[in-house]
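J.: Protein sequence lines, in the order shown, are assigned to chains A and B. Position 82, counted from 1, in the first sequence is what my numbering calls 1061; the numbers after and before it change by one each time, with no gaps. Position 32, counted from 1, in the second sequence is what my numbering calls 1011; the numbers after and before it change by one each time, with no gaps. Using N, Cα and C, we set each Cβ at its ideal position, and we do this for glycine too. Following this message is one structure expressed as structure tokens.
There are 2 protein chains.
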Amino acid sequence: MNYSELNIEKLTLATEMLKAIAHPMRIAIVGYLDGGVKLTVTEIHERLGIEQSTTSHHLGILKNKGVLSSKRDGKNTYYFLKHPAFTGILDCIENCGCQD
Amino acid sequence: MNYSELNIEKLTLATEMLKAIAHPMRIAIVGYLDGGVKLTVTEIHERLGIEQSTTSHHLGILKNKGVLSSKRDGKNTYYFLKHPAFTGILDCIENCGCQD
DNA sequence: ATTATTGATGCAAATATATGAATATATATT
DNA sequence: AATATATATTCATATATTTGCATCAATAAT
């Protein structure tokens, strides 16, 4: 893809997705959901060790920006990656980050 | 890599790199530098159409977080990707973003 | 030595983001 | 219907980011 043409619309979209992921708790969430895993808000907030409302905020951001989808099942809402390739971003960062 | 273990140090590093890239002008910069291209601050600020000092700030952020390197040559300072795979992040975002 | 060019930095104002307490909503259970 | 559980939302506060003017520093050209 050509990001050198300064297509503002495309840049904005890419930025919003990257910004959505670019937070330690949200990277951890994307990591949890790798491989098609589906988790509830409670499961995620317990694993992260942060408040339920904070967790819900983070999940809302990820869903809003198109990183996650959710599906309600009774009292629970399951969150999962909208596209499996999202964890590729983490792999990429990992590869790039570890060799100076 | 395992982001599900909540390794704070690793999460922080990944977050800082992602945050460095997660800005429209900085995504554009990374795009310009794809394929080993080296550009001066002036060239970049003219292409982006933003102030020189703002451009320098953005380049500083990208360099600081390990995304870019720079090399001075006379009056000019050339910036380039520290690791070629960084543009893979843009490809990944692109792939993930365009299919709802 | 003076001037011009290139890039970096200090600073302040505007804007955006993160967090969690309190509360609302939705569903399930009794 | 009343209560319990799961999730979302509102709101305020704290913190971080973005931007560009003004200025400084380094090198080059005259």
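List the DSSP bridge partners of A:R1051.
T.: Answer by DSSP bridge pairing, in chain order: A:T1056.
J.: Examine chain A for any beta-carbon lying closer than 8 Å to the beta-carbon of B:F1065, and answer yes or no.
T.: For B:F1065, the answer is yes, since a Cβ of chain A falls inside 8 Å of its Cβ.
J.: Which one of B:F1065, B:S1032, B:R1026, B:G1028 has the shortest CA to CA distance from B:K1044?
T.: Of B:F1065, B:S1032, B:R1026, B:G1028, the residue nearest in Cα terms is B:F1065.
J.: What did DSSP end up calling A:L985 once you bin it into helix, strand or coil?
T.: Coil at A:L985, not helix or strand.
J.: If we define contact as Cβ-Cβ less than 8 Å, is A:I1040 a contact residue for chain B?
T.: Chain B contact via Cβ: absent.
J.: Quick check: the region 1015-1025 of chain A against the region 1049-1069 of chain A, are there 3 or more CB pairs under 8 Å?
T.: They touch, by the three-pair rule.
J.: Can you find at least 3 beta carbon pairs, one from the region 1003-1010 of chain B and one from the region 989-1000 of chain A, that sit closer than 8 Å?
T.: Yes: at least three Cβ pairs fall under 8 Å.
J.: Determine the closest residue to B:G1014 out of B:C1075, B:I1072, B:G1067, with distance taken between C-alpha atoms.
T.: It is B:G1067 whose Cα lies nearest to the Cα of B:G1014.
J.: Relative to the C-alpha of A:Y1011, which candidate in A:L1027, A:C1075, A:S1049, A:T994 has its C-alpha closest?
T.: Closest by alpha carbon: A:L1027.
J.: Quick check on this structure: which residue in B:L1041, B:Q1031, B:G1076 has the alpha carbon closest to the alpha carbon of B:H1002?
T.: It is B:L1041 whose Cα lies nearest to the Cα of B:H1002.
J.: Over what stretch of residues does the alpha helix (DSSP H) that includes A:H1036 continue unbroken?
T.: Run containing A:H1036: 1031-1043, per the alpha helix (DSSP H) assignment.
J.: Starting from B:V1020, follow the alpha helix (DSSP H) in both directions and report where the run begins and ends.
T.: Segment 1020-1027, the alpha helix (DSSP H) holding B:V1020.
J.: Should A:T1034 be flagged as near chain B, meaning a C-beta pair shorter than 8 Å?
T.: So no, A:T1034 is outside the interface.
J.: Could you pull the start and end residues of the alpha helix (DSSP H) that B:V1009 belongs to?
T.: From DSSP, the alpha helix (DSSP H) with B:V1009 extends over 1003-1011.
J.: Just the C-alpha distance for A:V1032 and B:I1000, rounded to the nearest angstrom, thanks.
T.: What sits at residue 1032 of chain A in the sequence shown is Ser, not Val. If I take the Cα positions, the gap works out to 28 Å.
J.: Around the Cβ of B:D1079, are there at least 16 other Cβ atoms within 10 angstroms (buried) or fewer (exposed)?
T.: Confidence at B:D1079 is low in this model, with a pLDDT of 48, below 50, so its placement is unreliable and the value that follows should be read with caution. Exposed, because fewer than 16 other Cβ atoms sit within 10 Å of the Cβ of B:D1079.
J.: Rounded to the nearest angstrom, what separates A:V1016 and B:V1016 at their Cα positions?
T.: In a straight line, the C-alpha of A:V1016 is about 39 Å away from that of B:V1016.
J.: Would you say A:K998 faces chain B, with C-beta separation under 8 Å as the test?
T.: Output row for A:K998: interface = yes.
J.: With burial defined as no fewer than 16 other Cβ atoms inside 10 Å of the residue's Cβ, what is the status of A:G1076: buried or exposed?
T.: Under this definition A:G1076 is a buried residue.
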